[in-house]
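Q:
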Amino acid sequence: MVNDTGLFDLSVSAEYLSKEIINCLVLAEEGLHAVVLVLSVRTRITQEEESTLNTLQVLFGSKIIDYLVVLFTGGDELEATNKTLDDYLSRGCPEFLKTVLRLCGGRRVLFDNRTKDECKKVKQVKDLLAHVTAIERSNGGNPFTDEMHRKIKKEADMLREQQKEVESKNLADAERERLKNQLKTEHDQIMNSMAVMVENRLKEASEKQEKLMLALRENLETSRRENETRENEPGHGRRPMIQVGVSLPGMPPCNML
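In this text, residue positions in the sequence shown follow the UniProt record's numbering: the first is 1, and each later residue adds one.
So this is what it looks like as structure tokens:
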């Protein structure tokens with residue numbers, strides 16, 4: 001498991017995020033068996049959490065949704081009020097969350113991350129792994145990979161092969177280390193160039209999100225002014241109603257297994 005907690009935090013620079021994303025992909029060079037989007041039932045969906053899914057799609061394409069599982073924490077709080085996860089989702093569920101669950105086939109699991117009950121802990125993990133197994137089966141047993149993944153794996157395989165070749169030669173220790181360091185430097189340069197590519201994609205995602213939020217604010221302001229105008233019209237007796245409409249590009253604005 002590669003833990004990417006905070007990986008898509010909007011307060012962090014795109015340069016930092018891009019390098020962390022490349023590091024995660026290096027650790028998972030064979031591909032991603034599942035992507036776990038972790039949310040809490042204790043708090044409202046944040047802008048960062050909404051942006052996470054949008055950013056995943058910008059980086060990896062819409063196919064990444066086929067590998068997505070939504071994991072909700074805070075199960076103990078629901079239990080304390082005798083509520084189920086379905087109760088929580090049916091009570092004013094945000095459109096963002098409805099869309100996510102619809103696109104990922106409703107794959108979701110609830111964790112009580114404060115429980116001391118070992119049997120309960122085991123069951124929670126089994127429930128999550130059952131979703132991972134189902135994802136693997138529905139995707140023909142193939143983990144998620146894309147062009148970026150394949151390039152990272154190719155470069156990693158090449159580096160290992162070249163270092164192995166250097167080790168097999170009858171060289172002085174100093175010369176062997178010099179060649180290995182040279183190979184590592186060349187590999188790092190390639191990874192840095194890929195990080196720049198990811199950084200550009202992240203900036204693109206951020207710009208799209210900012211434009212969406214700007215359009216929403218402008219729409220709200222226009223509706224507010226129209227309502228004020230109607231209220232000031234003679235004979236106006238109906239309650240004002242704000243109508244908000246923003247065209248979303250297909251999908252509204254994690255841990256990787």
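We put the beta carbon where it would ideally sit given N, CA and C, even for glycine.
(1) Please classify Thr52: does DSSP put it in a helix, a strand, or coil?
(2) When the Cα of Glu204 is compared with those of Ser62, Leu25, Thr115 and Gln57, which residue comes out closest?
(3) The beta strand (DSSP E) that contains Glu36, what's its start and end?
(4) Taking the alpha carbon of Phe96 as the point to measure from, which residue in Thr133, Asn54, Asp112 and Asp76 has its own alpha carbon closest?
(5) In terms of alpha-carbon separation, which member of Val70, Arg91 and Tyr67 lies closest to Leu78?
(6) Taking 7 Å as the limit between beta carbons, can you name the residues of its chain near Lys180, skipping five residues before and five after?
(7) So, helix, strand or coil for Arg225, using DSSP?
(8) Give the secondary structure of Arg107 by DSSP, where H, G and I count as helix, E and B as strand, and everything else as coil.
(9) At which residue ranges does the region 44 to 104 contain complete beta strand (DSSP E) runs of 3 or more residues, listed in the order of the chain?
(10) Find the nearest neighbour of Asn113 within the set Lys19, Arg150 and Phe72, judged by alpha-carbon distance.
(11) Count the other CB atoms, across all protein chains shown, that sit within 10 Å of the CB of Glu118; report buried if there are 16 or more and exposed otherwise.
(12) To the nearest angstrom, report how far apart Ala172 and Glu186 are at their CA atoms.
(13) Can you tell me whether Glu161 is buried or exposed, with buried defined as 16 or more other CB within 10 angstroms of its CB?
(14) Using a 10 Å radius around the Cβ and a threshold of 16 neighbouring Cβ atoms, would you call Arg108 buried or exposed?
(15) Exposed or buried, Cys93, counting other C-beta atoms within 10 Å across all chains shown (16 or more means buried)?
(16) How is Glu165 classed by DSSP in three states: helix, strand or coil?
(17) Counting only the same chain and skipping the five closest in sequence on each side, list residues whose C-beta sits under 6 Å from that of Val198.
(18) Counting Cβ pairs closer than 8 Å, one from the region 139 to 148 and one from the region 23 to 32, do we hit at least three?
(19) Considering only C-alpha positions, which residue in the set Thr84, Val125, Arg44 and Glu48 is nearest to Val69?
A: The structure says:
(1) helix
(2) Gln57
(3) Inspection of the sequence shows that residue 36 is occupied by Val rather than by Glu. Segment Val35 to Ser40, the beta strand (DSSP E) holding Val36.
(4) Asn54
(5) Arg91
(6) Gln163 and Val166
(7) helix
(8) coil
(9) 68 to 73
(10) Phe72
(11) exposed
(12) 21 Å
(13) exposed
(14) buried
(15) exposed
(16) helix
(17) Ser18 and Ile21
(18) yes
(19) Val125
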